[in-house]
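This report concerns only the one structure given below.
Numbering (this note's numbering), first residue to last: 28 to 225.
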């Protein structure tokens, strides 16, 4: 599971400050706990002053979620004895943000300009999270399927991937084609084919 963070600075999305998080402490589908972990890590980075681009604490946190996610965020913030306003996004029946809501369930109407801006912010967060999720998934597929084959080290793995482009294409290749890769003899090609098509 992963999460994405986008940052607004001086009224503009600062894409160089976007960050991605791999969830470390939650092992089932528990959205509020994931958000609590991410907010806690975000705050800790700023308070520790680590040089990782997080910078100062945010003036405001917008959560793409409802009251449960807001409360989880506030729980993370309270651990550090600081105050940061947190607002969630109230959706209409088309799943578009129509208002903001705080932890007391008070709704705040927003202008069309702000709605558009929040939509752009959501798009940025989703882009960051989705790209990171794909990268982790692709790395895991590559790692789990090629690294476990006997006599396939890092160099041979990279040669195979460079030649074929993906693990999926290696799976579909004939043994003779796999043998065209430098350093791959028939026996190893057969082992690769058998291991990838179990």
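Glycine is no exception: its CB is placed at the ideal position from the N, C-alpha and C atoms.
With distances taken between CB atoms, is the gap from residue i to residue j smaller than 8 Å?
i	j	result
residue 216	residue 205	yes
residue 32	residue 113	no
residue 48	residue 29	yes
residue 165	residue 186	no
residue 50	residue 63	no
residue 218	residue 167	no
Under 8 Å Cβ to Cβ from residue i, same chain only, skipping five residues before and after it: list those, please.
i	result
residue 66	88, 99, 100, 103 and 104
residue 213	202 and 206
residue 148	33, 35, 40 and 89
residue 146	123 and 124
residue 194	168, 169, 172, 173, 188 and 223
Please return the same chain residues whose Cβ sits closer than 6 Å to the Cβ of residue i, not counting the five positions on each side in sequence.
i	result
residue 59	95, 96 and 99
residue 155	31, 45 and 47
residue 159	29 and 47
residue 136	126
residue 19	This structure does not reach residue 19, given that the chain is present from 28 up to 225, and the question cannot be answered.
Just reading off the beta strand (DSSP E) that residue i is part of, what are its end residues?
i	result
residue 113	113–118
residue 124	124–128
residue 46	46–49
residue 31	29–32
residue 136	134–136
Pick out whichever of the options has its Cα sitting closest to the Cα of residue i.
i	options	result
residue 93	182, 134 and 111	134
residue 117	131, 106, 211 and 91	91
residue 130	147, 111, 137 and 220	111
residue 71	182, 150 and 106	106
residue 109	84, 176 and 211	84
residue 211	182, 43, 157 and 161	182
residue 179	132, 61 and 220	220
residue 38	128, 115, 86 and 162	86
How far does the alpha helix (DSSP H) with residue i in it extend, from its first residue to its last?
i	result
residue 194	194–199
residue 58	58–75
residue 177	Per DSSP, residue 177 belongs to no alpha helix (DSSP H) and is neither H nor E.
residue 90	Taken as a continuous stretch (DSSP letters only), residue 90 belongs to no alpha helix (DSSP H), being part of the beta strand (DSSP E) at 88–90.
residue 97	94–105
residue 203	202–205
residue 222	213–223
At least one CB of chain B closer than 8 Å to the CB of residue i: is that the case?
i	result
residue 47	You won't find chain B in this structure, because it holds only one protein chain.
Within its chain, find whatever has a CB closer than 7 Å to the CB of residue i; leave out the 5 residues flanking it on each side and keep chain order.
i	result
residue 68	48
residue 73	81, 82, 83 and 84
residue 119	125
residue 132	94
Any 3 or more C-beta pairs closer than 8 Å across the region 105–124 and the region 141–149
yes
Any chance the region 160–173 sits against the region 188–199, with 3 or more Cβ pairs inside 8 Å?
yes
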